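Novice: Attaching a single structure in structure tokens format; questions to follow.
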Amino acid sequence: MNFEQARYNMVEQQIRPWEVLDFGVLDLLMSVRREEFVPEACKALALSEAQIPLGHGGSMLVPVIEGKILQAIQVKRSDKVLEVGAGSGYFAALLAAKADWVRTVDIEPALVTMAHENLKRYGVENVIVEEGDAICGWPSNAPYDLIVVSGGVPQIPESLLQQVKVGGRLFAFVGDERLATAQLVTCVAEGQYRTESLFENAVPMMRNAPRKSQFKF
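Per this note's numbering, the sequence shown starts with residue 22, numbered consecutively.
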């Protein structure tokens with residue numbers, strides 16, 4: 022299979038038509054080899070629109086969603102990043118190519134191992150992969166310039182928001198398994214946040230995400 026041609030087709034036919042037009046993002050998606058982070062049985066689908074299963078309840082986001090996220094968050098070289106949900110390590114590799122460093126955390130031990138091995142084999146040195154449940158925050162190296170939640174949550178936990186630096190950003194999909202809204206939250210001052218709703222899509226839900234309260238006080 023000609024992966025280079027397939028990668029070009031992925032960018033030009035899947036991602037760019039969804040108004041992902043940032044040249045830095047498109048170049049990044051062309052340069053990081055997605056097929057290196059996909060289970061062997063799924064390599065032929067690595068650059069397609071298919072949602073790649075990782076086993077153990079995990080899956081990769083589709084390429085167009087990865088592109089939309091990268092365009093929204095605008096990773097900077099100085100960014101210290103927390104990724105909640107390591108998956109295969111591919112999105113951490115994309116973040117690491119632009120950021121100072123990335124700490125990616127997954128609740129599933131098998132995915133922690135997968136992400137660590139993929140990143141090591143690919144030669145990514147500025148990512149730390151850890152096992153745990155970071156949906157309510159991860160104190161190591163907090164606060165962060167950028168937090169990315171790689172799946173859906175019914176609501177963004179307040180304790181996670183509190184780990185965003187002033188001027189920092191948090192990206193998450195807020196909703197349920199049927200439909201979620203991509204939200205970019207910016208900490209504009211201590212305890213004050215501005216939320217932008219970007220687009221809607223169906224994405225896998227995060228395990229152990231706090232359920233939205235049915236009551237208002």
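Backbone N, C-alpha and C define an ideal beta-carbon position, used for all residues, glycine too. Owing to the predicted nature of the structure, the values given are computational and were not obtained by experimental measurement.
For aspartate 127, does the three-state DSSP call read helix, strand or coil?
Specialist: If DSSP states are grouped into helix, strand and coil, aspartate 127 belongs with the strands.
Novice: Please state whether DSSP places leucine 82 in a helix, a strand or coil.
Specialist: The answer is coil: DSSP assigns leucine 82 none of H, G, I, E or B.
Novice: Please classify glutamate 151: does DSSP put it in a helix, a strand, or coil?
Specialist: Note: glutamate 151 maps to strand in three-state DSSP.
Novice: Should valine 102 go down as buried or exposed, given a rule of 16 or more other Cβ atoms within 10 Å for buried?
Specialist: Valine 102 should be labelled buried.
Novice: Answer yes or no: do cysteine 157 and proline 175 have a C-beta to C-beta separation smaller than 8 Å?
Specialist: Their beta carbons are not under 8 Å apart, which means cysteine 157 does not touch proline 175 by this criterion.
Novice: Which same chain residues end up closer than 6 Å to methionine 31 when comparing Cβ atoms and leaving out the 5 residues on each side of it in sequence?
Specialist: Once the five neighbours on either side are set aside, the close Cβ partners of methionine 31 are Leu68, Pro84.
Novice: Look up glycine 196 in the DSSP assignment and give the residues it is bridged to.
Specialist: Paired residues: Ala201.
Novice: What are the boundary residues of the beta strand (DSSP E) that glutamine 213 is part of?
Specialist: That run of the beta strand (DSSP E) goes 213-222.
Novice: Counting beta carbon pairs with one atom in the region 128-148 and one in the region 36-52, are three or more of them shorter than 8 Å?
Specialist: No, the region 36-52 is not in contact with the region 128-148.
Novice: For cysteine 208, which beta-bridge partners are listed by DSSP?
Specialist: DSSP output for cysteine 208 lists Tyr214 as bridge partner(s).
Novice: Quick check on DSSP: helix, strand or coil for glutamate 25?
Specialist: DSSP places glutamate 25 in helix when its eight states are reduced to three.
Novice: In the DSSP assignment, what are the bridge partners of arginine 190?
Specialist: Arginine 190 is bridged to Leu167, Thr207.
Novice: Helix, strand or coil for leucine 42? Go by DSSP, reduced to three states.
Specialist: Correct three-state label for leucine 42: coil.
Novice: Take glutamine 26 as the anchor and find which of Arg37, Met51, Pro38 has the nearest alpha-carbon.
Specialist: The residue with the shortest Cα to Cα distance from glutamine 26 is Met51.
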